[in-house]
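Protein chains in written order, with this note's numbering: chain P, 28 to 499; chain R, 29 to 361.
We put the beta carbon where it would ideally sit given N, CA and C, even for glycine.
Structure record follows, encoded as structure tokens.
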Amino acid sequence: MSRIVVGPFNRVEGDLEVSLELEAGRIQAAYVNSPLFRGFEQILVGRAPLDALAIVPRICGICSVAQSAAAATALADAMGVTPTPNGLLARHLIQATENMADHLTHFYLFFMPDFARPDYVDRPWHPATAERFTAIKGSAAAEVLPARASFLRLMGFLAGRWPHTLAIQPGGSTRAITAGERIRLLALLREFRSFLERRLFGDALERIGQLASKADLLAWADGRAGDFPAFLKIAGDLGLERIGCADDRFLSHGAYGLFPAGTWQQGKTEAFAAARITEDTERAWLLADQPRHPAAGETIVAADKADAYTWCKAPRYAGQTHEVGALARQVVAGNPLLLDLVQRDGGSVMARVVARLQELALLIPAMEGWVQALQPGESFCAQGVMPDEGSGVGLVEAARGSLGHWLTIRRGRIERYQIIAPTTWNFSPRDATNQEGPLEKALLGLAAGDGAPPTIQHVVRSFDPCMVCTVH
Amino acid sequence: MKVLWLQSGGCGGCTQSLLCSEPRSLFDELRDAGIEFVWHPALSQASGGEALAVLEACASGELAFDVLCVEGAMLRGPNGSGRFHLMAGNGRPLTEWVTRLAGQAKWVFAIGSCTAYGGFSANTPGNPLEACGLQYDEQTPGGLLGAGFRSAGGLPVVNIAGCPTHPGWIVESLQKLALEGMADSDLDELGRPLFYAGELVHHGCPRNEYYEFKASAEKQSDLGCLMENLGCKGTQAHADCNLRAWNGSGSCLRGGFACIACTEPGFESPGHAFQETPKVAGIPIGLPSDMPKAWFVALAALSKSATPKRVRDNAVVDHLVFRPAIKKKGGGK
Numbered sequence: 028m029s030r031i032v033v034g035p036f037n038r039v040e041g042d043l044e045v046s047l048e049l050e051a052g053r054i055q056a057a058y059v060n061s062p063l064f065r066g067f068e069q070i071l072v073g074r075a076p077l078d079a080l081a082i083v084p085r086i087c088g089i090c091s092v093a094q095s096a097a098a099a100t101a102l103a104d105a106m107g108v109t110p111t112p113n114g115l116l117a118r119h120l121i122q123a124t125e126n127m128a129d130h131l132t133h134f135y136l137f138f139m140p141d142f143a144r145p146d147y148v149d150r151p152w153h154p155a156t157a158e159r160f161t162a163i164k165g166s167a168a169a170e171v172l173p174a175r176a177s178f179l180r181l182m183g184f185l186a187g188r189w190p191h192t193l194a195i196q197p198g199g200s201t202r203a204i205t206a207g208e209r210i211r212l213l214a215l216l217r218e219f220r221s222f223l224e225r226r227l228f229g230d231a232l233e234r235i236g237q238l239a240s241k242a243d244l245l246a247w248a249d250g251r252a253g254d255f256p257a258f259l260k261i262a263g264d265l266g267l268e269r270i271g272c273a274d275d276r277f278l279s280h281g282a283y284g285l286f287p288a289g290t291w292q293q294g295k296t297e298a299f300a301a302a303r304i305t306e307d308t309e310r311a312w313l314l315a316d317q318p319r320h321p322a323a324g325e326t327i328v329a330a331d332k333a334d335a336y337t338w339c340k341a342p343r344y345a346g347q348t349h350e351v352g353a354l355a356r357q358v359v360a361g362n363p364l365l366l367d368l369v370q371r372d373g374g375s376v377m378a379r380v381v382a383r384l385q386e387l388a389l390l391i392p393a394m395e396g397w398v399q400a401l402q403p404g405e406s407f408c409a410q411g412v413m414p415d416e417g418s419g420v421g422l423v424e425a426a427r428g429s430l431g432h433w434l435t436i437r438r439g440r441i442e443r444y445q446i447i448a449p450t451t452w453n454f455s456p457r458d459a460t461n462q463e464g465p466l467e468k469a470l471l472g473l474a475a476g477d478g479a480p481p482t483i484q485h486v487v488r489s490f491d492p493c494m495v496c497t498v499h
Numbered sequence: 029m030k031v032l033w034l035q036s037g038g039c040g041g042c043t044q045s046l047l048c049s050e051p052r053s054l055f056d057e058l059r060d061a062g063i064e065f066v067w068h069p070a071l072s073q074a075s076g077g078e079a080l081a082v083l084e085a086c087a088s089g090e091l092a093f094d095v096l097c098v099e100g101a102m103l104r105g106p107n108g109s110g111r112f113h114l115m116a117g118n119g120r121p122l123t124e125w126v127t128r129l130a131g132q133a134k135w136v137f138a139i140g141s142c143t144a145y146g147g148f149s150a151n152t153p154g155n156p157l158e159a160c161g162l163q164y165d166e167q168t169p170g171g172l173l174g175a176g177f178r179s180a181g182g183l184p185v186v187n188i189a190g191c192p193t194h195p196g197w198i199v200e201s202l203q204k205l206a207l208e209g210m211a212d213s214d215l216d217e218l219g220r221p222l223f224y225a226g227e228l229v230h231h232g233c234p235r236n237e238y239y240e241f242k243a244s245a246e247k248q249s250d251l252g253c254l255m256e257n258l259g260c261k262g263t264q265a266h267a268d269c270n271l272r273a274w275n276g277s278g279s280c281l282r283g284g285f286a287c288i289a290c291t292e293p294g295f296e297s298p299g300h301a302f303q304e305t306p307k308v309a310g311i312p313i314g315l316p317s318d319m320p321k322a323w324f325v326a327l328a329a330l331s332k333s334a335t336p337k338r339v340r341d342n343a344v345v346d347h348l349v350f351r352p353a354i355k356k357k358g359g360g361k
């Protein structure tokens, strides 16, 4: 048995290190470490409740809006306020813009450059992949950055700026859209749709949304130009449909009123109950404690704790690990293509990537509909009163999965604030029952160490980790 | 010009903001100005051991580079050990890497307010993270590298402050350095490039007419001036946010929410709720810093009494209700 440490993992958001125990070049055990701690839950304690709206986006530069939306939802819950119809549409649009920009950034800038590595120089697809996807220098990066920047202009209109907006409020949004701006928003969406249809998919978004099985997907991709078909060809050659599976238990908080909340395992979907969530600190550099529900959670540093190996807590649902993300969202929602991929081969590297890209094809038309439904001249923000005592919960979906905020207010100040981020679920360490986190499970049995292909990089990045959120 | 980028106790938002650089593709614009990344944690291909080898070669002086860009606060805790942020795969504190690399760099850029002054991490009560900026501990000179630090190129740390920083501020600072060089006279007293910190957020504010007449917003989403009630610090914050659009056409004020002065040291703990203006006897404290308070109060009272009904009424709704009048042709029959 030998032990190696892999890191820094770049092209993920934030800091990640993985320790691997190898037997004959195969991974027998993996330990995932988030080596950065910032302690945002403590920063919030003692502040005025609405200060959370200025503080929590700073947890994360890549999903700052998701953090804002979770805080605004938790505050609205405490205030008993409901966003106006325009406010809700604006919030869907702001969140979807961030999430879809994330999917795009992940595919082009974080995930695909690994296939341009010299490790694959003998594969027939390598020359074209290197030309297109080499980090920074590939032809895709030059096209994607302007497309991304232009798409994020939606944020300029809807949220003032990105990242770190204060536009999302408990009652909706501070930014009422005018009739003229509604036209401009539609034009920006059409521009982005055009890029996706031309370069990513090589087909209409609606056609991608209709793909309903693995066979259908592969038949559609066969011989087609476009970056998604190119990925499917590589995935087939490298067997990415069979690697990187965790426990195939999925969880979603539900998103945009389009995808419902729930859990899924072994073919069965169940209603989601937030009361069944606990966080375990057994192997984190945090004070050891019984697993607690986040509404009663604590985050107290214990930097010298023996046997701990990360700053990340271990969230569990009904005592079990669950994977979150676009794949989880789609499986819970009963998406036929993703259900077929998971039931055939498991929740693999390929399934995670397909889920993200199909979500792009499903969401852009939905966003066009939301923009058309905006009613200029009607209110974008409901007003409410902050109670001196109260509590609230905000459950949303970031691009990379389920994000929850739990808040308690006492004497007009934040008394407790606990956060569970998507990557906290996916990259959690072992818990008191020694149950491995999803990534720790997904790496087992893979080749690693000297001379091994960069397979573990594909597995790690397939989860689209955001490490700054993980330990916030 | 070769740029080495590190991320520490921050959110990565300054890199995400940088990728929104417009109008050209960021990578094309930098390449054509002769600027390249030696390594960037979010963008480069090299990972794991390959990346560590690059960093070690730079830190030991074997591999020459020009600019060290650091994003995120320096976390010196717990107890000075730096263990709140260890370099993945290497186990050494980021603070140690930054100190070594700053010693080899010709210039050092602090990317964002966390790196410049310490950020939210330095604002946890009691600062248990022992967080600080590269050359400041909030407003106080010092920080990780010390008040007297000068890089080999002869400049203190260049503080491209902002939370996040605007992509234009980074791209133009890098190009200025590559094409013309940079001198002390290009920076303000807090180390910020004057080309953007020489303005106030107030300049170019689209709510200017409401400000002139002190027609104030009363609640979130109102169109009026956000200074009197909703915590706006645009008249005190050094940045050109309303002259240089964010994300195509936005800014905080255009987005309908207050400037929280994110380019200023210590903005994270203003001593009041972010979205409320603290007042004494009904008069906001923290009025424009370069104007006598009595004059401001007197002028505000005067302008309030002269506010057109259109401006007064539009200030407290979220969309224009009253249009500016169209002048009728005089002297009709």
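Cutting at 8 Å between CB atoms, please list the residues of its own chain near residue 270 of chain R, excluding the five before and the five after it.
Here the question's residue 270 of chain R lines up with position 242 in the second sequence. Here the set comprises 229, 230, 231, 232, 233, 234, 262, 279, 281 and 282.
Could you list which residues in chain P have their beta carbon closer than 9 Å to that of residue 155 of chain R, in chain order?
Locating residue 155 of chain R in the second sequence gives position 127, where the first residue counts as 1. Ordered by position in chain P, no residue passes the 9 Å Cβ test against residue 155 of chain R, which lies about 10 Å from the chain.
With residue 483 of chain P as the anchor, note down where its beta strand (DSSP E) starts and where it stops.
Translated into positions along the first sequence, residue 483 of chain P becomes position 456. Note, residue 483 of chain P: premise wrong, no beta strand (DSSP E); alpha helix (DSSP H) at 482-489.
For the alpha helix (DSSP H) holding residue 130 of chain P, just list the boundary residues, first then last.
Mapped onto the first sequence, residue 130 of chain P falls at position 103. Here the alpha helix (DSSP H) through residue 130 of chain P covers 112-132.
Specify the secondary structure class of residue 163 of chain R as computed by DSSP and reduced to three states.
Within the second sequence, the letter at position 135 stands for residue 163 of chain R. The answer is coil: DSSP assigns residue 163 of chain R none of H, G, I, E or B.
What's the C-alpha gap between residue 248 of chain P and residue 267 of chain P?
Looking up residue 248 of chain P in the first sequence gives position 221. Looking up residue 267 of chain P in the first sequence gives position 240. Straight-line Cα distance between these residues: approximately 16 Å.
For residue 226 of chain P, which of P/370, P/174 and P/477 has the nearest alpha-carbon?
Counting from 1 along the first sequence, the entry for residue 226 of chain P is found at position 199. The shortest C-alpha separation from residue 226 of chain P is found at P/174.
Short CB-CB distance (under 8 Å) between residue 69 of chain R and chain P:
To locate residue 69 of chain R, count along the second sequence from 1; it is residue 41. Closer than 8 Å to some Cβ of chain P, the Cβ of residue 69 of chain R qualifies, so yes.
Of all the beta strand (DSSP E) runs that stay within the bounds of the stretch 298-333 of chain P, which reach a length of 3 or more residues?
304-307
For residue 394 of chain P and residue 120 of chain P, which I take to be in contact (beta-carbon distance under 8 Å), what is that distance rounded to the nearest angstrom?
Here residue 394 of chain P refers to the residue found at position 367 when the first sequence is read from its first residue. Here residue 120 of chain P refers to the residue found at position 93 when the first sequence is read from its first residue. So it is a contact: roughly 6 Å between Cβ atoms.
Can you tell me whether residue 350 of chain R is buried or exposed, with buried defined as 16 or more other CB within 10 angstroms of its CB?
Position 322 of the second sequence, counted from the start, is the residue given in the question as residue 350 of chain R. Exposed, because fewer than 16 other Cβ atoms sit within 10 Å of the Cβ of residue 350 of chain R.
Segment contact, 8 Å Cβ cut-off, at least three pairs: the stretch 95-106 of chain P with the stretch 54-62 of chain R
no
With distances taken from CA atoms, which of P/476, P/187 and P/289 is nearest residue 277 of chain P?
By 1-based counting over the first sequence, the position of residue 277 of chain P is 250. Per the Cα distances, P/289.
May I ask you to report which of helix, strand or coil DSSP gives residue 238 of chain R?
Along the second sequence, one-based indexing puts residue 238 of chain R at 210. It is helical.
Along chain P, which residues have their Cβ under 8 Å away from the Cβ of residue 347 of chain R?
The residue you call residue 347 of chain R lines up with position 319 of the second sequence. Neighbours of residue 347 of chain R on chain P, chain order: 203, 205, 403 and 404.
Output needed in chain order: residues of the stretch 138-167 of chain R with a Cβ under 8 Å from some Cβ in chain P.
147, 148, 149, 151, 152, 153, 156 and 157
Strictly below 7 Å CB to CB, what residues from chain P border residue 273 of chain R?
Here residue 273 of chain R corresponds to residue number 245 of the second sequence, with the count starting at 1. By Cβ distance, chain P contributes 183.
Residue nearest to residue 259 of chain R in terms of C-alpha spacing, selected from R/295, R/74, R/240 and R/95
If you number the second sequence from 1, residue 259 of chain R lands on position 231. Cα-wise, what sits closest to residue 259 of chain R is R/295.
Touch test, the stretch 452-463 of chain P against the stretch 304-324 of chain P, Cβ-Cβ under 8 Å, three pairs minimum:
yes
Mark residue 361 of chain R as exposed unless 16 or more other C-beta atoms lie within 10 angstroms of its C-beta, in which case mark it buried.
Locating residue 361 of chain R in the second sequence gives position 333, where the first residue counts as 1. Note that residue 361 of chain R scores a pLDDT of 49, beneath 50, so its modelled location is shaky and nothing firm can be said.
Could you name the residues of the stretch 213-229 of chain P whose beta carbon sits closer than 7 Å to any beta carbon of chain R, in the order they occur along the chain?
none
Neighbour flag for residue 417 of chain P against chain R, beta carbons, 8 Å:
Numbered from its first residue, the first sequence carries residue 417 of chain P at position 390. No, because no Cβ of chain R sits closer than 8 Å to the Cβ of residue 417 of chain P.
Any C-beta of chain R under 8 Å from that of residue 450 of chain P
On the first sequence, residue 450 of chain P is found 423 positions in, with the first residue counted as 1. Not closer than 8 Å to any Cβ of chain R, the Cβ of residue 450 of chain P fails to qualify, so no.
Alpha carbon to alpha carbon, how far is residue 88 of chain R from residue 129 of chain R?
Numbered from its first residue, the second sequence carries residue 88 of chain R at position 60. Numbered from its first residue, the second sequence carries residue 129 of chain R at position 101. Taking the straight line from one Cα to the other gives about 8 Å.
May I ask you to report which of helix, strand or coil DSSP gives residue 190 of chain R?
One-based indexing of the second sequence puts residue 190 of chain R at position 162. Residue 190 of chain R: coil per DSSP, three-state reduction.
Among P/203, P/86 and P/95, whose alpha-carbon lies nearest the alpha-carbon of residue 100 of chain R?
The residue given as residue 100 of chain R occupies position 72 in the second sequence. It is P/86 whose Cα lies nearest to the Cα of residue 100 of chain R.
If we cut at 8 Å on Cβ distances, does residue 288 of chain R have a partner in chain P?
Counting from 1 along the second sequence, the entry for residue 288 of chain R is found at position 260. Yes, because at least one Cβ of chain P sits closer than 8 Å to the Cβ of residue 288 of chain R.
Length-filtered (4 minimum) alpha helix (DSSP H) runs lying within the stretch 376-407 of chain P
376-400
If I'm right that residue 473 of chain P touches residue 53 of chain P with Cβ under 8 Å, what's the distance once you round it to whole angstroms?
The residue you call residue 473 of chain P lines up with position 446 of the first sequence. The residue you call residue 53 of chain P lines up with position 26 of the first sequence. Right, the Cβ-Cβ distance comes to about 7 Å (below 8 Å), so this counts as a contact.
With DSSP as the reference, label residue 126 of chain R as helix, strand or coil.
Indexing the second sequence from 1 puts residue 126 of chain R at position 98. Helix at residue 126 of chain R.
Under the three-state DSSP convention, the category residue 106 of chain P falls into
Taking the first sequence and counting its residues from 1, one reaches residue 106 of chain P at position 79. Residue state, collapsed to three classes: helix.
From the beta carbon of residue 56 of chain R, is the nearest beta carbon of chain P less than 8 Å away?
Mapped onto the second sequence, residue 56 of chain R falls at position 28. Taking Cβ atoms only, chain P reaches closer than 8 Å to residue 56 of chain R, which makes this a yes.
Measuring only the C-alpha atoms, how far is residue 226 of chain R from residue 122 of chain R?
Within the second sequence, numbered from 1, the residue matching residue 226 of chain R stands at position 198. Within the second sequence, numbered from 1, the residue matching residue 122 of chain R stands at position 94. The alpha-carbon atoms of residue 226 of chain R and residue 122 of chain R are separated by roughly 32 Å.
Proximal residues to residue 59 of chain P (C-beta, below 7 Å), its chain only, five neighbours per side dropped
Taking the first residue of the first sequence as position 1, residue 59 of chain P is located at position 32. So the qualifying residues of the chain are 45, 337, 454, 456, 464, 466 and 467.
In chain R, which residues lie with their C-beta within 7 Å of the C-beta of residue 140 of chain P?
On the first sequence, residue 140 of chain P is found 113 positions in, with the first residue counted as 1. Going along chain R in sequence order, the residues near residue 140 of chain P (Cβ under 7 Å) are 73.
For residue 37 of chain P, the three-state DSSP class (helix, strand or coil):
Translated into positions along the first sequence, residue 37 of chain P becomes position 10. In this structure, residue 37 of chain P counts as coil in the three-state DSSP scheme.
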